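Please read the structure below before turning to the comments.
Encoded structure:
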């Protein structure tokens, strides 16, 4: 067992308790509770994984610890989805989740991207497309300005 064993075991126990309690209830808690599952569950699991892989002293996780950590993270993702009214069986690798977090730097985006809930709104995509066009336009303006000053 690595130095992360007790922390992983505690996360796994808590994930199972929360998952069981949430799925016993008749009504989902609602979207306002979803971020709690991401921050206190998914994010914690990813943090342990990243720390074990990149921390000061390398502390390789045993296959059993990695499986337990991954299972806990998936339970938390299922709780997150349930808050949005979706029932799913998550099977995401902890490595994939960590990569998404490192890329987006936003645990809310991690939840949405890994579960597909809530569905992205068309105006979110339009806003992103508009931002990309504005960034490209700014880059064009800077290049033109730079070219003028060089002449």
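In the numbering used here, the protein residues as written are 3 to 153. Cβ coordinates follow ideal geometry from the N, Cα and C atoms, glycine included. Computed from a prediction, not measured in an experiment: that's the story for all the values here.
**Request:** Identify whether residue 75 lies in helix, strand or coil by the three-state DSSP scheme.
**Result:** Position 73 of the chain shown, counted from the first residue, corresponds to residue 75. Three-state result, residue 75: helix.
**Prompt:** Just reading off the alpha helix (DSSP H) that residue 18 is part of, what are its end residues?
**Reply:** The residue labelled residue 18 in the question sits at position 16 within the chain shown. Here the alpha helix (DSSP H) through residue 18 covers 7-26.
**Request:** Determine the closest residue to residue 67 out of 39, 78, 54, 123, with distance taken between C-alpha atoms.
**Result:** The count along the chain shown starts at 1 and reaches residue 67 at position 65. It is 54 whose Cα lies nearest to the Cα of residue 67.
**Message:** Whole angstroms are fine: how far does the CA of residue 34 sit from the CA of residue 64?
**Reply:** On the chain shown, residue 64 is found 62 positions in, with the first residue counted as 1. On the chain shown, residue 34 is found 32 positions in, with the first residue counted as 1. Here the alpha carbons of residue 34 and residue 64 stand approximately 35 Å from one another.
**Item:** Under the three-state DSSP convention, the category residue 70 falls into
**Value:** As a first step, residue 70 must be located in the chain shown, where it is residue number 68. Residue 70 falls in the helix class under three-state DSSP.
**Exposure label - residue 3; buried when at least 16 CB within 10 Å** = The count along the chain shown starts at 1 and reaches residue 3 at position 1. Exposed: under 16 other Cβ atoms inside 10 Å.
**Request:** Could you tell me whether the Cβ atoms of residue 39 and residue 20 are closer together than 9 Å?
**Result:** Taking the chain shown and counting its residues from 1, the one referred to as residue 39 is at position 37. Taking the chain shown and counting its residues from 1, the one referred to as residue 20 is at position 18. It is a contact, given that the beta carbons lie within the stated cut-off.
**Asked** Would residue 43 pass as a contact of residue 74 if the rule is Cβ separation under 9 Å?
**Response** Numbered from its first residue, the chain shown carries residue 43 at position 41. Numbered from its first residue, the chain shown carries residue 74 at position 72. For residue 43 and residue 74, yes; Cβs fall inside 9 Å.
**Item:** Collapsed DSSP secondary structure at residue 42 in the structure displayed
**Value:** To locate residue 42, count along the chain shown from 1; it is residue 40. DSSP places residue 42 in helix when its eight states are reduced to three.
**For residue 94 and residue 116, believed in contact at Cβ under 8 Å, the rounded distance** = As a working mapping, residue 116 is identified with position 114 in the chain shown. As a working mapping, residue 94 is identified with position 92 in the chain shown. In this structure, residue 116 and residue 94 form a Cβ contact; the two beta carbons are roughly 5 Å apart against a cut-off of 8 Å.
**Request:** Please state whether DSSP places residue 80 in a helix, a strand or coil.
**Result:** The residue labelled residue 80 in the question sits at position 78 within the chain shown. Here residue 80 sits in helix by DSSP.
**Asked** By DSSP, does residue 55 sit in helix, in strand, or in coil?
**Response** Counting from one through the chain shown, the residue named residue 55 turns up at place 53. Three-state DSSP puts residue 55 in a helix.
**Prompt:** In this structure, does DSSP put residue 121 in helix, strand or coil?
**Reply:** For the purposes of this step, residue 121 is taken as the residue at position 119 of the chain shown. Taken through DSSP and simplified to helix, strand or coil, residue 121 comes out as coil.
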